[in-house]
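Those protein sequence lines, which keep their order, are chains L and S.
For any residue, its number in my numbering is found by taking its place in the first sequence, counting from 1, and adding 2.
For any residue, its number in my numbering is found by taking its place in the second sequence, counting from 1, and adding 44.
Written below as structure tokens is the structure these notes are about.
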Amino acid sequence: GAGVSQSPSNKVTEKGKDVELRCDPISGHTALYWYRQRLGQGLEFLIYFQGNSAPDKSGLPSDRFSAERTGESVSTLTIQRTQQEDSAVYLCASSLGGGRSYEQYFGPGTRLTVT
Amino acid sequence: QKEVEQNSGPLSVPEGAIASLNCTYSDRVSQSFFWYRQYSGKSPELIMSIYSNGDKEDGRFTAQLNKASQYVSLLIRDSQPSDSATYLCAVNIANRDDKIIFGKGTRLHILP
Numbered sequence: 003g004a005g006v007s008q009s010p011s012n013k014v015t016e017k018g019k020d021v022e023l024r025c026d027p028i029s030g031h032t033a034l035y036w037y038r039q040r041l042g043q044g045l046e047f048l049i050y051f052q053g054n055s056a057p058d059k060s061g062l063p064s065d066r067f068s069a070e071r072t073g074e075s076v077s078t079l080t081i082q083r084t085q086q087e088d089s090a091v092y093l094c095a096s097s098l099g100g101g102r103s104y105e106q107y108f109g110p111g112t113r114l115t116v117t
Numbered sequence: 045q046k047e048v049e050q051n052s053g054p055l056s057v058p059e060g061a062i063a064s065l066n067c068t069y070s071d072r073v074s075q076s077f078f079w080y081r082q083y084s085g086k087s088p089e090l091i092m093s094i095y096s097n098g099d100k101e102d103g104r105f106t107a108q109l110n111k112a113s114q115y116v117s118l119l120i121r122d123s124q125p126s127d128s129a130t131y132l133c134a135v136n137i138a139n140r141d142d143k144i145i146f147g148k149g150t151r152l153h154i155l156p
């Protein structure tokens, strides 16, 4: 079946602009995660959605970052007033969740470059 | 602060030998453990999950878990150049099966 998809695959934006990144989880997966990975660094947790529960936003680095998810489908991560330090690969992952399995499967990522 | 520690490497192993990757974690009550492989420029790929003490084998890969010592390892037998990648260890946060912490990864280089 189809895996996690993300768009765009690459995004170049000017400092100060807003960007929206999209994630389509695996069908049937109720849990969805966003991570950031700076060049040569580890994965940094940003936000987590589980079904209709309130999202876990504990990893969002500033109020410029926000994310939404409609039901158990698509999620968008929005970064407002982008800064050069936001340059990174943004990874989305999904898992079955709901007490069944928490193995996370990743999408290909969106490479964001802020100039 | 929950932590997952890995040696950053690079770990160089001759082709055909056994590669041994280690990971320690700080949360004594963690229950779920995962190994991911990440090729340069690609996203992480789940290769093994383990939940009980002991060994779990899948092809050339064996995951080993020792909860008393709080370490988990990954053995790769008959290492191939295609195994060259960064290997990420991930562990769930206590009482949060749905949330995992990733180590920074160990770079593995298989020497042809």
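The beta-carbon is built from N, C-alpha and C at its ideal position, and this holds for glycine as well.
Checklist entry - Hey, out of S/D142, S/I137, S/D127 and S/S87, whose CA is closest to S/Y69's CA? => result S/I137
Checklist entry - Where S/K86 and L/P57 are concerned, what is the direct C-alpha to C-alpha distance, given to the nearest angstrom? => result 27 Å
Item to check | Where L/Q106 sits in the DSSP three-state scheme | outcome: coil
Item to check | Distance CB(L/A95)-CB(L/V6) smaller than 8 Å | outcome: Taking 8 Å as the Cβ cut-off, L/A95 and L/V6 qualify as a contacting pair.
Checklist entry - Where does S/D122 sit, in a helix, a strand or coil, going by DSSP? => result It is coil, neither helix nor strand.
Checklist entry - the region 78-103 of chain L: which residues have C-beta closer than 7 Å to a C-beta of chain S, in chain order? => result L93 and G99
Item to check | Inter-residue CB distance, L/T15 and L/V91 (contact presumed, cutoff 8 Å) | outcome: Cβ-Cβ separation between L/T15 and L/V91: approximately 14 Å, too far for a contact (criterion under 8 Å).
Next on the checklist: Quick test of your reading: S/L119 and S/S52, contact by CB under 8 Å. State the CB separation rounded to the nearest angstrom.
Outcome noted: The beta carbons of S/L119 and S/S52 sit about 19 Å from each other, so the pair does not count as a contact at 8 Å.
Item to check | Pairwise C-alpha distance: S/S74 and S/E47 | outcome: 11 Å
Item to check | Helix, strand or coil at L/E74 according to DSSP, with G and I counted as helix | outcome: Here L/E74 sits in coil by DSSP.
Checklist entry - DSSP on L/E22, reduced to helix/strand/coil? => result Here L/E22 sits in strand by DSSP.
Next on the checklist: Give me the chain S residues within the contact set of L/L45, using Cβ-Cβ distance strictly less than 8 Å, ordered along the chain.
Outcome noted: P88, L132 and F146
Item to check | Contact with chain L by S/F78, beta-carbon distance below 8 Å | outcome: yes
Item to check | Residue environment, L/G109, which counts as buried when at least 16 other CB atoms sit within 10 Å | outcome: buried
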